[in-house]
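This report refers to the structure that appears directly beneath it.
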Amino acid sequence: MSIKDVTDSTFVDETKEGFVIAELGAAWCAPCKMIAPALQEINEDQHNNISVIQVDIDDNQETAQKFGVMSIPTLLFFKNGELMEQTVGFQPKEEILATAQKHI
159 MSIKDVTDST
169 FVDETKEGFV
179 IAELGAAWCA
189 PCKMIAPALQ
199 EINEDQHNNI
209 SVIQVDIDDN
219 QETAQKFGVM
229 SIPTLLFFKN
239 GELMEQTVGF
249 QPKEEILATA
259 QKHI
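Numbering (this note's numbering), first residue to last: 159 to 262.
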């Protein structure tokens with residue numbers, strides 16, 4: 159199961175139910191490429207509990223501005239549409255999961 163690409167127009171719908179990790183990044187971003195395998199594993203291993211989506215900030219600047227994204231990758235952790243936590247920069251899978259577990 160691949161990570162779903164989300165746009166400015168679909169972002170609210172994709173984050174309004176359940177627990178969602180949204181990665182805001184860009185194709186040219188090296189740390190985004192480094193975090194991608196961890197997010198893919200979480201998406202596959204935790205698909206019953208956690209949804210993972212990605213937003214390309216070059217094409218979806220409205221979402222990036224709404225959340226004050228200044229550096230990428232930025233991870234937004236949502237529970238039923240409410241932003242629970244926001245992190246910036248590369249993190250290993252275990253750290254991402256630990257952040258998520260605080261809010262699930």
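By construction, the Cβ of each residue, glycine as well, lies at the ideal position given by its N, Cα and C atoms. Please read these numbers as outputs of a predicted model, since none were measured by experiment.
query	result
Assigned secondary structure, A258 (DSSP; H/G/I helix, E/B strand, else coil)	helix
Cα-Cα separation, E220 to D166	6 angstroms
Simplified DSSP assignment, three categories, for F248	coil
For M242, the nearest candidate out of K251, I262, G226, M228 (CA to CA)	I262
Alpha helix (DSSP H) segment containing V178, residue limits	Segment 177 to 183 is the beta strand (DSSP E) holding V178; no alpha helix (DSSP H) there.
Whole-angstrom distance between Q259 and D214, CA atom to CA atom	25 angstroms
Member of G239, E181, Q223, T173 whose CA lies at the smallest distance from the CA of I254	E181
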